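According to the working numbering, the stretch in the sequence shown is residues 38 to 636, in order.
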Amino acid sequence: MDTLDIMSVNGSFSLLNHAYFISTTSTTTIDSIVNSIRSGKEFTMLNKFNFGYNDTTYWIIVRVKNIKLSHERILLEIQNPHIDRLQAYCVEGTRIKKLGLETGDMNLFNTRSIPHRNYVWSLNECGVNDFDLVLRIEKRKSSLNIPAFLWTESAHRISSMRATLFFGICFGMMFVVLIYSLIAGIFLGARVYFFYAFFIFTSIFFLATYEGLSFQLLYPLLKNFNSLFRMLINGFVTLAFVIFSIEFLNIKSYAILLYRMLLVIIIIFSALLIATPFFKTVFITHGLFLIPFILTLSGIANLLLFVSALKLFSRQRLVSLFYLVAYFSIVIAVIISIMEDFGWFEVVPFNPLFIGALIEMLVFAFGISYKIKKVYDKKNLLMRNLHNHQKEMMQSYLQGVEKERMRIAGELHDGVGSRLSNLSRVISVLKSEAVDFVESEIVSLSDEIRNLSHQMMPAVMNYKVLTELVAELIVQAKKISSIEFTFQCYYFPEKLPENQTHELYRIIQEALNNIIKHSRATETDIQLFAHHQELVVSIEDNGIGFDQTIPGGLGLIQMKRRAEALGGKFEINSFKSYGTAILITIPILNIATTSEPAT
């Protein structure tokens with residue numbers, strides 16, 4: 038048996054091809070192994086760390102010399118936090134010394150010689166210069182890999198610090214995505230974010246347990262629990278991933294058969310998780326069967342999810358693409374880990390699950406954001422269509438009102454007005470004071486009906502210019518009020534579309550009627566101008582104003598609706614004793630304006 042000179046250990050030193058091993062039954066004792074060493078029995082060279090699934094006990098033997106010549110402590114580390122039982126021995130001749138207590142998953146965490154997520158011993162505690170290091174390793178009914186390394190204490194400290202930094206960065210990023218998902222789920226009311234947060238939460242526990250951190254930090258005082266917790270968290274993370282995937286891909290709506298098959302898997306996993314506290318001993322005893330069963334069930338679930346993503350690709354390309362990229366990143370990592378567990382190749386120098394999980398979570402975060410954006414884009418499109426429909430309905434309503442006004446105006450002018458005129462001519466033949474009075478009243482009534490008909494149906498077809506129509510309104514207003522009107526135009530378009538002319542005319546007409554009837558104003562200023570591709574109408578008076586906290590009447594509502602029907606804004610500001618100001622802005626495009634201001 039070759040001897041390992043500790044003086045050759047500088048930093049990290051792998052025990053591959055420098056140590057020996059023997060596999061025995063669980064009843065073999067250290068005395069039996071020591072007798073084999075003394076008798077010169079040939080042991081098998083340790084040329085691999087990964088032994089796959091098995092049900093045997095392994096003994097690792099390393100012949101060490103010159104331990105006291107090392108300038109710092111030499112540490113032995115088994116870089117696998119999931120071994121049922123381990124016991125290290127220092128053997129010198131007939132002297133057998135236990136190196137620390139028996140440790141492993143079946144014992145409390147504080148049985149470890151050095152508190153660490155992996156199993157670490159100090160060889161200097163053997164107290165002799167040359168000895169045989171014997172390590173008893175037992176992991177029943179599960180996969181076993183025993184990456185064994187010797188370290189100088191300073192090199193091991195630096196390595197542990199780097200690992201802690203790596204875990205901190207990875208878990209920190211995951212927690213950021215988790216918090217982002219919860220906040221987004223609360224504010225957006227989207228279930229997919231909550232399912233994703235649950236998946237991240239279980240993934241964090243899965244990765245922490247995979248690296249031995251859960252045993253160290255969460256339940257160090259529970260023995261025989263770490264192996265069971267690993268099975269539990271494996272089921273939880275698969276269950277969370279299936280539930281999230283169903284919601285993310287909307288499988289229930291597009292692939293009902295696949296959804297039902299996934300639902301069966303969810304029920305099986307849920308049943309296993311619920312039954313675990315009641316059948317803990319059975320699950321631990323039959324771990325060699327249960328773990329492959331869980332892995333097989335997870336594989337079937339992932340296959341169904343992959344088929345679902347492919348099937349729905351034509352319906353939702355980008356969503357399915359996001360899912361497939363994330364899916365393959367974690368599936369590749371899981372396949373590598375499973376191949377490690379079965380001993381198909383040696384342990385890779387990095388944790389593939391961490392890399393795959395980080396890629397998966399980031400891709401899913403972008404995918405969910407895109408999915409939500411798509412939903413909101415669809416919602417906004419529906420809102421725009423609804424707004425346009427309401428606008429079209431309002432325009433149709435106003436056009437109907439305008440046509441009815443024209444019809445009534447025509448009836449007043451051509452029917453009632455004409456008959457009153459004829460009656461006036463007949464009465465004018467008779468000569469009496471009473472007849473004179475009736476005649477004057479009929480003439481007055483006829484004039485009012487004519488004016489009313491002109492108000493209801495302005496001569497738009499004759500003028501075609503809003504400024505001239507407003508000027509006519511002001512002339513009529515001066516006849517029935519003592520208000521001084523000022524009318525100004527600044528670069529206002531010479532010609533507007535007929536609907537804009539009608540609606541703006543009606544708004545101004547209603548505003549002037551309100552001023553004459555209610556404002557008690559002495560001065561009113563009306564301005565029409567074009568500014569930054571907008572038509573602007575400003576109407577201000579110095580009247581008594583009104584209380585804007587009281588809902589306006591039908592006239593104000595109609596004015597606002599007419600402005601909105603043109604895609605514009607209607608603003609009114611009024612203060613008691615300070616008058617009222619109305620501002621209407623209507624968007625315009627490619628309409629010629631007058632070359633200079635006009636008054």
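Quick reminder that beta carbons are idealized off the backbone N, C-alpha and C, glycines included. Just so you know, these numbers come straight off a predicted model, no measurement behind them.
**OP:** Grab me the residues of L620's own chain with a C-beta within less than 6 Å of its C-beta, minus the 5 sequence neighbours each way, in chain order.
**Re:** As a first step, residue 620 is located in the sequence shown; it is residue number 583 there, counting from the start. Same-chain partners within the cutoff: S575, E608.
Subject >> S632 classed as buried or exposed, judged by whether at least 16 other C-beta atoms fall within 10 angstroms >> reply: Against the sequence shown, residue 632 aligns to sequence position 595. Residue placement at S632 is poorly supported in this model, since its pLDDT is 39, which falls under 50; the coordinates are not used for a value here.
Original post:
For G89, which of helix, strand or coil comes out of DSSP?
Top reply: Position 52 of the sequence shown, counted from the first residue, corresponds to residue 89. The answer is strand: DSSP assigns G89 an E or B state.
Subject >> For F266, three-class secondary structure by DSSP >> reply: In the sequence shown, the residue the question calls residue 266 occupies position 229. Helix.
Original post:
From A618, F146, T81, pick the residue whose C-alpha is nearest to that of T61; which is it?
Top reply: Stepping through the sequence shown from its first residue, residue 61 is reached at position 24. Distance check between T61 and each of A618, F146, T81 places T81 closest, using alpha-carbon atoms only.
**OP:** With a threshold of 16 other CB atoms inside 10 Å of the CB of I43, please say whether the residue is buried or exposed.
**Re:** Taking the first residue of the sequence shown as position 1, residue 43 is located at position 6. Buried, by the Cβ-count rule.
Subject >> Reference A312, options G404, M268, R177, closest by Cα >> reply: Position 275 of the sequence shown, counted from the start, is the residue given in the question as residue 312. Per the C-alpha coordinates, the member of G404, M268, R177 positioned closest to A312 is M268.
**OP:** Enumerate, from N- to C-terminal direction, the unbroken beta strand (DSSP E) stretches of 3 or more residues contained entirely within the region 565 to 614.
**Re:** Taking 3 residues as the minimum length, the beta strand (DSSP E) runs contained wholly in the region 565 to 614 are 571 to 578, 606 to 612, in order along the chain.
Original post:
From H569 to K440, what distance separates their C-alpha atoms?
Top reply: The residue you call residue 569 lines up with position 532 of the sequence shown. The residue you call residue 440 lines up with position 403 of the sequence shown. One alpha carbon belongs to H569, the other to K440, and they sit about 33 Å apart.
**OP:** Could you tell me the distance, in whole angstroms, from the CA atom of A618 to the CA atom of N551?
**Re:** As a first step, residue 618 is located in the sequence shown; it is residue number 581 there, counting from the start. As a first step, residue 551 is located in the sequence shown; it is residue number 514 there, counting from the start. Note on geometry: alpha-carbon atoms of A618 and N551 lie some 12 Å from one another.
**OP:** Can you tell me which of the three DSSP states Q525 falls into?
**Re:** Residue numbering aside, residue 525 sits at position 488 when the sequence shown is read from its first letter. Here Q525 sits in strand by DSSP.
Original post:
Looking only at C-alpha atoms, which of L160, G393, H424 sits nearest to M211?
Top reply: Translated into positions along the sequence shown, residue 211 becomes position 174. Nearest in C-alpha terms to M211, of all of L160, G393, H424, is G393.
**OP:** Confirm, please, whether the CB-CB distance from Y542 to L506 is below 8 Å.
**Re:** On the sequence shown, position 469 is the one that residue 506 refers to. On the sequence shown, position 505 is the one that residue 542 refers to. Their beta carbons are under 8 Å apart, which means L506 touches Y542 by this criterion.
**OP:** Take the Cβ of P634 as the centre, count every other Cβ of all protein chains shown within 10 Å, and call the residue buried at 16 or more, exposed below.
**Re:** The sequence position of residue 634 within the sequence shown is 597, counting from 1. With a pLDDT of 46 at P634, under the threshold of 50, the predicted position of this residue should be treated as unreliable, though the coordinate-derived value follows. Of the other Cβ atoms in all chains shown, fewer than 16 fall within 10 Å of the Cβ of P634; this residue is therefore exposed.
Original post:
Skipping 5 residues on each side, what residues in its chain have a beta carbon closer than 7 Å to that of I237?
Top reply: Translated into the one-based positions of the sequence shown, residue 237 becomes position 200. Excluding sequence positions up to five before and after I237, its CB lies within less than 7 Å of the CB of M211, V214, L215, S218, M398, all in the same chain and listed in chain order.
Original post:
What's the call for M498, buried or exposed, on a 16-neighbour Cβ count within 10 Å?
Top reply: Taking the first residue of the sequence shown as position 1, residue 498 is located at position 461. Reliability fails at M498, whose pLDDT of 45 lies under 50, so the model's placement of it is uncertain and the value that follows must be treated cautiously. Exposed.
**OP:** Taking only runs that begin and end inside the region 199 to 258, name each unbroken alpha helix (DSSP H) of 4 or more residues, in chain order.
**Re:** Runs of the alpha helix (DSSP H) lying entirely within the region 199 to 258, each at least 4 residues long, are 228 to 247, 250 to 254 in chain order.
**OP:** With a 10 Å radius around its C-beta and 16 neighbouring C-beta atoms as the bar for buried, classify V279 as buried or exposed.
**Re:** Taking the first residue of the sequence shown as position 1, residue 279 is located at position 242. Burial call: buried.
**OP:** Quick one: residues in its chain with C-beta nearer than 7 Å to the C-beta of A629, no 5 flanking neighbours on either side, listed in chain order?
**Re:** Taking the first residue of the sequence shown as position 1, residue 629 is located at position 592. At A629, the pLDDT of 46 sits below 50, so the modelled position is not reliable and the matter cannot be decided from this model.
Original post:
Would you call the region 245 to 253 and the region 126 to 139 touching, i.e. three or more CB-CB distances under 8 Å?
Top reply: Flag = no, the region 245 to 253 and the region 126 to 139 do not touch.
Subject >> 8 Å Cβ cutoff met for I625 and A567 >> reply: Numbered from its first residue, the sequence shown carries residue 625 at position 588. Numbered from its first residue, the sequence shown carries residue 567 at position 530. Yes, these two residues count as a Cβ contact at 8 Å.
**OP:** Tell me whether K260 sits in a helix, a strand or coil according to DSSP, three-state version.
**Re:** Locating residue 260 in the sequence shown gives position 223, where the first residue counts as 1. In the structure shown, K260 sits in coil (DSSP, three-state: anything other than H, G, I, E or B).
Subject >> D36 - partner residues in DSSP beta bridges >> reply: Given a span of 38 to 636 for the chain in the structure shown, any question on residue 36 remains unanswerable.
Original post:
Rounded to a whole number of angstroms, what is the C-alpha to C-alpha distance between R599 and I520?
Top reply: Residue mapping note: residue 599 aligns to position 562 of the sequence shown, counting from 1. Residue mapping note: residue 520 aligns to position 483 of the sequence shown, counting from 1. Spanning the two alpha carbons is a distance of roughly 26 Å.
**OP:** Can you give me the Cβ contacts of Y95 inside the same chain, cut-off strictly under 6 Å, excluding the 5 residues immediately before and after it?
**Re:** If you number the sequence shown from 1, residue 95 lands on position 58. If we look at Y95 and ignore the five residues flanking it on each side, its Cβ neighbours are F58, S60, I174.
Original post:
So, helix, strand or coil for S518, using DSSP?
Top reply: Taking the sequence shown and counting its residues from 1, one reaches residue 518 at position 481. If DSSP states are grouped into helix, strand and coil, S518 belongs with coil.
**OP:** Quick one: using the 10 Å Cβ neighbour count with 16 as the cut-off for buried, is V344 buried or exposed?
**Re:** Reading the sequence shown from its first residue, position 307 is the one you call residue 344. V344 is exposed by the Cβ-count criterion.
Subject >> L419 versus V412 - alpha carbon distance >> reply: Your numbering for residue 419 matches position 382 in the sequence shown. Your numbering for residue 412 matches position 375 in the sequence shown. Straight-line spacing of the CA atoms in L419 and V412 works out to 11 Å.
**OP:** Assess, as a yes-or-no matter, whether the region 330 to 350 is touched by the region 274 to 294 under the definition of 3 or more beta carbon pairs within less than 8 Å.
**Re:** Flag = yes, the region 274 to 294 and the region 330 to 350 touch.
Original post:
Could one say the Cβ of L309 lies closer than 8 Å to chain D's Cβ atoms, at least one of them?
Top reply: The chain labelled as chain D is not found in the depicted structure, where only one protein chain is given.
Original post:
My guess is that G590 and G616 are in contact by the Cβ rule of under 8 Å, so how many angstroms apart are they, rounded?
Top reply: Position 553 of the sequence shown holds residue 590. Position 579 of the sequence shown holds residue 616. Contact doesn't hold; Cβ gap of about 18 Å is too wide.
Original post:
In terms of residues, what are the limits of the alpha helix (DSSP H) holding L300?
Top reply: Here residue 300 refers to the residue found at position 263 when the sequence shown is read from its first residue. DSSP places L300 in the uninterrupted alpha helix (DSSP H) bounded by 293 to 312.
Original post:
Nearest to K516 by alpha carbon, out of I553, I373, K416?
Top reply: The residue given as residue 516 occupies position 479 in the sequence shown. Of all alpha-carbon atoms in I553, I373, K416, the one lying nearest the alpha-carbon of K516 is that of I553.
Original post:
Among residues of its own chain, excluding the 5 on either side of F208, which ones have a beta-carbon nearer than 8 Å to its beta-carbon?
Top reply: Numbered from its first residue, the sequence shown carries residue 208 at position 171. Counting only residues of its own chain and dropping the five nearest sequence neighbours on each side, F208 has a CB closer than 8 Å to the CB of I241, L244, A245.
**OP:** Check the DSSP bridge columns for D562 and list the partner residues they point to.
**Re:** Within the sequence shown, numbered from 1, the residue matching residue 562 stands at position 525. Paired residue(s): T523, E577.
Original post:
Is G130 buried or exposed, if buried means 16 or more other CB atoms sit within 10 Å of its CB?
Top reply: Mapped onto the sequence shown, residue 130 falls at position 93. Burial call: exposed.
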